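Below you'll find the structure, written out as structure tokens, and then a few comments.
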Amino acid sequence: MTTPLRPPARSRAEYLGEHFASRDPLHLARWSAALAEGRARKQCSATTKTGVQCRQIALRFATTCRHHTRGQARDAIDALRLGWLRKQALRYPALRAYAERSIERIFTRRLLRAWRLNPELPGATMSLGPVDEARVERWLIEHGVNPKDQQRTAQCVDKLRWAAFLWLGGKLDDHAAQTRIRVALRGDERWRERQAAAKAA
């Protein structure tokens with residue numbers, strides 16, 4: 027019985043296309059130009075305070091990084107990224123956790139900007155489990171603050187919770203935590219005073 031002859035081996039260039047592994051100078055030049063252009067798009071186009079170009083990675087759908095994309099420009103980019111991130115979470119299970127965290131940060135930024143106009147809008151920038159929430163509430167009560175006081179704005183309560191959370195996590199000392207509490211309560215008082223003045227006018 028004769029052994030069938032194997033077809034001659036084909037090169038990688040034959041399998042992947044005529045331009046694969048090409049050493050033609052014109053092809054290499056086009057490839058290098060395309061690579062440089064792709065890298066340029068990924069880098070932030072903003073200029074830093076030292077006068078040099080920012081080397082941070084640009085946001086998707088933007089030409090600047092997260093540090094140089096602010097205000098209405100960031101809102102527009104976030105609106106585009108929100109739809110894209112939702113598709114990523116549904117299409118790629120491995121990226122779901124990353125996409126969900128990014129979506130959460132988008133809504134957090136929206137809430138923080140909304141609080142600048144009205145700190146009474148409901149919401150929170152931190153989500154805790156029942157055990158951690160109880161620890162935060164107990165710590166605030168021990169320091170003379172009732173986090174469930176209905177007279178306080180949502181923004182104030184959020185700042186109070188962050189002060190307690192960071193102290194319990196060892197990120198703040200007593201002085202820094204107390205300073206955050208005073209700043210949050212004073213900001214709440216000023217908002218109430220402005221509201222009262224506006225009603226009286």
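For the sequence shown, this note's numbering assigns the number 27 to the initial residue and increments by one for each residue that follows.
Quick reminder that beta carbons are idealized off the backbone N, C-alpha and C, glycines included.
Small disclaimer: the values here were computed from a predicted structure and weren't measured.
* Relative to the C-alpha of Leu106, which residue among Arg206, Arg216, Ser128 and Arg187 is closest? -> The sequence position of residue 106 within the sequence shown is 80, counting from 1. Residue Ser128 is the option with its Cα nearest to Leu106.
* Quick one: is His201 buried, meaning 16 or more other Cβ sit within 10 Å of its Cβ, or exposed? -> If you number the sequence shown from 1, residue 201 lands on position 175. Exposed, by the Cβ-count rule.
* Sequence-distant residues of the same chain with beta carbon closer than 6 Å to Ala224, five excluded per side -> The residue labelled residue 224 in the question sits at position 198 within the sequence shown. Hits under 6 Å: none found.
* Asked: Cβ atoms of Lys185 and Ala210: under 8 Å apart, would you say?
  -> Within the sequence shown, the letter at position 184 stands for residue 210. Within the sequence shown, the letter at position 159 stands for residue 185. In contact: Ala210 and Lys185 (Cβ atoms closer than 8 Å).
* To do: Find out if the Cβ-Cβ distance for the pair Pro173, Val157 is shorter than 8 Å.
  => For the purposes of this step, residue 173 is taken as the residue at position 147 of the sequence shown. For the purposes of this step, residue 157 is taken as the residue at position 131 of the sequence shown. In this structure, Val157 does not lie closer than 8 Å to Pro173 by Cβ.
* To do: Note down the Cα distance separating Ala140 from His94, rounded to an integer number of angstroms.
  => Residue numbering aside, residue 140 sits at position 114 when the sequence shown is read from its first letter. Residue numbering aside, residue 94 sits at position 68 when the sequence shown is read from its first letter. Their backbone Cα atoms lie some 20 Å apart in a straight line.
* Gln177 beta carbon less than 8 Å from that of Pro145 -> Numbered from 1 along the sequence shown, position 119 holds the residue referred to as residue 145. Numbered from 1 along the sequence shown, position 151 holds the residue referred to as residue 177. Cβ distance not < 8 Å, so Pro145 and Gln177 don't count as in contact.
* To do: Return the bridge partner residues of Gln69 from the DSSP annotation.
  => Taking the first residue of the sequence shown as 1, we reach residue 69 at position 43. Note: Gln69 sits in a beta bridge opposite Ile83.
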